[in-house]
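Trainee: Would you mind keeping the following structure in view while I ask a few things?
Residue numbers (the UniProt record's numbering): 1 to 305.
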């Protein structure tokens with residue numbers, strides 16, 4: 001088992017973690033502040049990826065595609081919040097689940113109608129392609145390294161937004177007592193729209209960045225949504241700090257487990273045990289969630305901790 005390969009998988013895990021954070025942070029903001037279960041959040045991830053791929057294909061600019069993913073996903077988020085979500089805030093969680101599941105179907109079929117059933121491809125620009133040599137002689141993808149840096153920068157910016165700005169104070173206050181901040185003159189409807197737009201833009205950005213290393217296709221947001229919910233539960237609902245640590249942890253467990261477990265099972269039990277190791281590796285994230293909830297039912301940084 002090569003040390004260089006383990007370090008490479010470690011970096012891959014961090015890269016997956018920061019991308020999961022971009023998706024999950026919006027989800028935890030929406031649920032923590034608004035109390036809204038939004039199953040359509042993964043569809044906004046898909047919208048961002050398709051917007052980036054389409055704009056990049058007609059302009060020839062990767063950066064224009066990335067900018068389009070943020071703008072389009074954010075605007076779609078505002079549209080969805082103003083037309084659908086506002087009617088769900090006072091409803092119970094079952095109504096929210098049913099309504100946002102319907103949005104998944106609408107987004108999926110609408111995207112298929114516009115772009116067709118075949119995947120789109122977002123090419124990595126030449127200045128971000130190829131490997132870069134890290135200390136220790138490790139060759140690693142430059143684009144994946146850029147994803148790590150961009151994700152960490154956005155995490156810092158989001159932390160500063162929540163902890164140091166007036167909007168952040170309103171978001172934290174809204175999480176604790178939305179009736180009180182409404183009584184103090186804060187426009188709750190506007191605040192909810194801004195929060196939803198930020199979450200949608202972050203999901204769209206993540207979809208675009210990941211879309212460059214995967215195909216952009218209908219339904220790509222649903223698997224990500226499942227893992228994002230796991231991240232939110234592990235980190236603690238409403239906690240950006242918890243979401244960040246949980247996303248990195250999930251990324252590392254998923255990536256390293258998927259690499260190390262099959263190899264370990266082959267070494268211990270022979271080649272026929274590879275499938276067993278791979279199956280257990282696919283369950284590791286959910287096992288991790290179960291263990292965290294067993295000892296910390298509110299998550300790592302949940303409100304009751």
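The beta carbon of each residue, even a glycine, is placed where N, CA and C say it ideally should be.
For residue 199 and residue 72, which I take to be in contact (beta-carbon distance under 8 Å), what is that distance rounded to the nearest angstrom?
Mentor: Not really, about 14 Å apart at Cβ, beyond 8 Å.
Trainee: Put residue 133 into one of helix, strand or coil per three-state DSSP.
Mentor: Here residue 133 sits in strand by DSSP.
Trainee: Taking only beta-carbon atoms, is residue 81 less than 9 Å away from chain D?
Mentor: Included in the structure is just one protein chain, with no chain D present.
Trainee: Secondary structure at residue 98, three-state DSSP: helix, strand or coil?
Mentor: Reduced to three states, the DSSP call for residue 98 is helix.
Trainee: When DSSP builds the beta bridges, which residues end up paired with residue 38?
Mentor: Its beta-bridge partners do not exist; DSSP assigns none.
Trainee: In three-state terms, what does DSSP make of residue 140?
Mentor: Residue 140 falls in the strand class under three-state DSSP.
Trainee: Should residue 225 and residue 253 be called a contact, given that it needs their Cβ atoms to be closer than 9 Å?
Mentor: Not a contact, by the Cβ cut-off of 9 Å.
Trainee: I need the straight-line Cα distance from residue 261 to residue 179, nearest angstrom please.
Mentor: So the two alpha carbons sit approximately 49 Å from each other.
Trainee: For the alpha helix (DSSP H) containing residue 200, list its first residue and its last residue.
Mentor: Run containing residue 200: 188 to 211, per the alpha helix (DSSP H) assignment.
Trainee: Apply the 10 Å Cβ neighbour rule to residue 8 and answer buried if 16 or more other Cβ atoms are within range, or exposed otherwise.
Mentor: Classification of residue 8: buried, given that the 10 Å Cβ count is 16 or more.
Trainee: Looking only at its own chain, which residues have a Cβ that is under 6 Å from the Cβ of residue 69, when we skip the five neighbours before and after it?
Mentor: For residue 69, where only same-chain residues beyond five positions count, the Cβ hits under 6 Å are 48, 51, 52, 204, 205 and 208.
Trainee: If you draw a straight line from the C-alpha of residue 277 to the C-alpha of residue 269, how long is it?
Mentor: Roughly 10 Å between the two C-alpha positions.
Trainee: Can you give me the Cβ contacts of residue 305 inside the same chain, cut-off strictly under 8 Å, excluding the 5 residues immediately before and after it?
Mentor: Model confidence at residue 305 stands at a pLDDT of 41, short of 50, so the residue's coordinates are unreliable and nothing is read from them.
Trainee: Which residues bound the alpha helix (DSSP H) around residue 296?
Mentor: Where residue 296 is concerned, there is no enclosing alpha helix (DSSP H), given that its DSSP letter is neither H nor E.
Trainee: With 16 as the cutoff for other CB atoms within 10 Å, does residue 171 come out buried or exposed?
Mentor: So residue 171 ends up on the buried side.
Trainee: Residue 161 to residue 154, Cα distance in whole Å?
Mentor: In a straight line, the C-alpha of residue 161 is about 10 Å away from that of residue 154.
Trainee: What's the gap between the Cα of residue 37 and the Cα of residue 231?
Mentor: Computed Cα separation, rounded: 14 Å.
Trainee: Output the distance between the C-alpha atoms of residue 181 and residue 189, rounded to the nearest integer angstrom.
Mentor: Residue 181 and residue 189: Cα-Cα distance of roughly 12 Å.
Trainee: For a test of the three-state rule: what should DSSP assign to residue 231, helix, strand or coil?
Mentor: Correct three-state label for residue 231: helix.
Trainee: Could you tell me which of 271, 250, 273 and 275 sits nearest to residue 292, measuring between CA atoms?
Mentor: Closest by alpha carbon: 250.
Trainee: Quick one: Cα of residue 169 to Cα of residue 125, how far?
Mentor: Distance between the alpha carbons of residue 169 and residue 125: 39 Å.
Trainee: Have a look at residue 129 and residue 140 and give me their C-alpha separation to the nearest angstrom.
Mentor: About 11 Å.
Trainee: Please tell me whether residue 111 and residue 23 are closer than 9 Å, where the distance is taken between their beta carbons.
Mentor: Cβ atoms of residue 111 and residue 23: not closer than 9 Å.
Trainee: Quick one: what does DSSP say residue 120 is sitting in, helix, strand or coil?
Mentor: In the structure shown, residue 120 sits in a strand (DSSP, three-state: E or B).
Trainee: Please report how far the alpha carbon of residue 265 lies from the alpha carbon of residue 213, in whole angstroms.
Mentor: Those two C-alpha atoms are separated by around 29 Å.
Trainee: Sorted by chain position, which residues of the same chain lie with C-beta nearer than 6 Å to residue 43's C-beta, five sequence neighbours on each side aside?
Mentor: Here the set comprises 104, 107 and 221.
Trainee: Where does residue 305 sit, in a helix, a strand or coil, going by DSSP?
Mentor: Any reading at residue 305 must be qualified, since the residue scores a pLDDT of 41, below 50, and its modelled position is unreliable; no value is offered.
Trainee: Can you give me the Cβ contacts of residue 96 inside the same chain, cut-off strictly under 7 Å, excluding the 5 residues immediately before and after it?
Mentor: 36, 37 and 88.
Trainee: Measure the beta-carbon distance from residue 77 to residue 197 and round it to whole angstroms, keeping in mind my assumption that it falls under 8 Å.
Mentor: Confirmed, about 5 Å.
Trainee: Please classify residue 149 as buried or exposed, where buried requires at least 16 other C-beta atoms within 10 Å of its C-beta.
Mentor: Burial call: exposed.
Trainee: Closest to residue 92 by C-alpha separation, out of 109, 134, 34 and 63, would be which residue?
Mentor: Of the listed residues, the one whose Cα sits closest to residue 92 is 34.
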